[in-house]
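Quick notes on the structure that follows.
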Amino acid sequence: MTDIVLMKQKIKPGKRSRLKEWSAEIKERNEEAIETLQNEGMHFESAFIERTDEGDFLVYHMKAEDIEEVYESFENSSHGIDREHEEVMRETLESAENVGEYELLYHLDNPNLP
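Every position in the sequence shown, counted from 1, becomes a number in the numbering used here once 10 is added.
Okay, structure coming up:
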């Protein structure tokens with residue numbers, strides 16, 4: 011069974027623009043980013059900014075065969091983009107201890123689409 015994950019982490023005050031800059035760089039380095047997804051066994055990864063009265067949050071939506079293997083692969087990755095990603099996340103996000111996780115109720119994939 012595949013793992014579907016949704017996570018939410020607070021963005022440090024004043025760091026939203028830095029996070030958006032990094033997101034633009036990831037898009038520019040698309041081939042490198044896709045290679046890391048393939049190495050991790052990730053089906054997809056999407057990132058969003060949620061703006062609330064309590065501040066801004068980074069929201070990740072991911073699908074993988076085994077999310078624990080993805081995390082382990084990321085931690086052990088030798089890809090430069092992964093190390094840069096880790097650095098930017100430390101710079102722009104509040105403590106990982108406050109990551110919001112969500113219980114998956116259901117996920118549907120359309121089998122008629124690639």
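For glycine and all other residues, C-beta sits at the position ideal for the given N, C-alpha and C.
DSSP links His-71 through a beta bridge to Leu-16 and Ser-56. Cα atoms of Tyr-70 and Asn-122: separation of roughly 26 Å, rounded to the nearest angstrom.
Counted as a single uninterrupted DSSP element, the stretch harbouring Glu-113 is not any alpha helix (DSSP H), since DSSP gives it neither H nor E. Excluding sequence positions up to five before and after Ile-77, its CB lies within less than 8 Å of the CB of Asp-13 and Val-15, all in the same chain and listed in chain order.
By the Cβ test, the stretch 98-105 is not in contact with the stretch 45-60, since fewer than three Cβ pairs between them sit closer than 8 Å. Residue pairing by DSSP puts Gly-65 in a beta bridge opposite Thr-62. Judged by DSSP in its simplified three-state form, Leu-103 adopts strand. Here Lys-30 is exposed, its C-beta having fewer than 16 other C-beta atoms within 10 Å. Cβ neighbours of Ile-91 within its own chain (closer than 8 Å, five residues either side excluded): Ile-36, Arg-39, Glu-42, Ala-43 and Thr-46. Rounded to the nearest whole angstrom, the C-alpha separation of Arg-26 and Glu-113 is 26 Å. Counting along the chain, the unbroken alpha helix (DSSP H) around Ile-77 starts and ends at 77-85. Residue pairing by DSSP places Ile-21 opposite Leu-103 in a beta bridge.
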